[in-house]
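Undergrad:
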Amino acid sequence: MVLTMDTVLLLHGFAGTAGSWDAFSEHLDRERYRPLAPELRGHGQNGAVRPISFELCVADLLAAAPPRFTLAGYSLGGRIALQLALAAPERIDRLVLISSSAGITDQAERGVRLSKDLALADEIEAGPITRFADDWLAGPLFVNDEAGVNASARAEILKNSPANIAAALRGMSIGRMEPLWPRLAEIAAPTTVVAGQSDGRYVELAGQIADAIDGGELEVIDGAGHALPRSAPERLAALF
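Taking the working numbering, the leading residue of the sequence shown gets 3, the next gets one more, and so forth.
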């Protein structure tokens, strides 16, 4: 019997690149999946592409992907994956959301977050990229990751420019995102929502997302934090 190989479209997080998925792809079942890891606007080889918005990134991805595919997104990539799955449900065989959110429901809170992100974008643009990388990885989402994991993340961040990353944050702040919670029930594709056990806020969000999607499955990876494609690539790949 000949098995059909599925494409899995892998969407990286903020300040990442396609290389963010390298460790994960090493453990992916290559008899079943062909990984496709495009770089979002403002990142990597697409760093200079303007303008930047969620809608334009979704259009880019739909143009690059095959007619049907498995879709996986991490952090920012997870928020884009949700929007893509809602925009083209007929093309999604399966959805995997990793360390993701469906948006901020409170309008005032969204406004506060947008203001903070715009201020951070100005700081990032002032450069150098090494300063941003060090500050970002010292933040609460990554500070407890192993040194080797953060060294890998830092190398990916340094592939970006401060101006491009700042533009990506301005265009795709979660403060600009229309909350998708009311639409999660529309998702019909089999969905797995994943979070690391020590990433408390995202464990809570993952449970809420899984509950809101009919048949959604929650997976919590023991001993892991936010950056699952880097910190727990083998266990994450085993969920596919």
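Ideal placement from N, C-alpha and C gives every residue a C-beta, glycine not left out.
(1) Can you name, in chain order, every residue of its own chain whose Cβ lies under 6 Å from the Cβ of residue 97, other than the five neighbours on each side?
(2) Could you say which of 21, 124, 217 lies nearest to residue 46 if we only look at CA atoms?
(3) Residue 81 and residue 123: beta carbons closer than 8 Å?
(4) Is it a yes or a no for the region 173-187 touching the region 150-165, going by three-plus beta-carbon pairs under 8 Å?
(5) Any contact between the region 137-156 and the region 28-45? By contact I mean 3 or more CB pairs, one from each, below 8 Å.
(6) Between the Cα of residue 164 and those of 128, 187, 178, spot the shortest distance and give me the residue it belongs to.
(7) Which residues mark the beginning and the end of the alpha helix (DSSP H) in which residue 170 is found?
(8) Is the beta carbon of residue 169 less than 8 Å from the beta carbon of residue 52?
(9) Residues bridged to residue 94 by DSSP?
(10) Closer than 8 Å by C-beta to residue 58: which residues in its own chain qualify, once you throw out the five before and the five after it? Chain order, please.
(11) Does the CB of residue 9 have a neighbour CB from chain C at under 8 Å?
(12) I think residue 41 touches residue 19, with their Cβ atoms under 8 Å apart; what is that distance to the nearest whole Å?
(13) Report the rounded CA-to-CA distance for residue 92 versus residue 130, giving the unit in angstroms.
(14) Since residue 137 is in the alpha helix (DSSP H), which residue starts that stretch and which ends it?
(15) Of the choices 28, 174, 50, 227, whose alpha-carbon is the least far from that of residue 143?
(16) Could you pull out every residue in the same chain whose Cβ sits closer than 8 Å to the Cβ of residue 148, ignoring the five residues on either side in sequence?
(17) Measure the beta-carbon distance from residue 203 to residue 223 and round it to whole angstroms, keeping in mind my assumption that it falls under 8 Å.
(18) Using CA atoms only, rank isn't needed, just tell me which of 161, 14, 212 is closest to residue 77.
(19) Taking contact to mean 3 or more Cβ pairs, one atom from each stretch, closer than 8 Å, check whether the region 110-118 and the region 214-222 are in contact.
(20) List the whole-angstrom C-beta distance separating residue 29 from residue 235, where the pair is believed to meet the contact cut-off of C-beta under 8 Å.
TA: Result, derived from the coordinates:
(1) 73, 87, 191, 193
(2) 21
(3) The answer is no: Cβ separation not under 8 Å.
(4) no
(5) The answer is no - the region 28-45 does not touch the region 137-156, with fewer than three Cβ pairs under 8 Å.
(6) 128
(7) According to the DSSP assignment, residue 170 belongs to the alpha helix (DSSP H) that extends over 164-174.
(8) Yes, these two residues count as a Cβ contact at 8 Å.
(9) 71
(10) 43
(11) Although the question refers to chain C, the structure presented lacks it and comprises just one protein chain.
(12) Yes, residue 41 and residue 19 are in contact; Cβ-Cβ is about 6 Å, under 8 Å.
(13) 43 Å
(14) 131-139
(15) 227
(16) 233
(17) 15 Å between Cβ atoms; not a contact.
(18) 14
(19) no
(20) 5 Å
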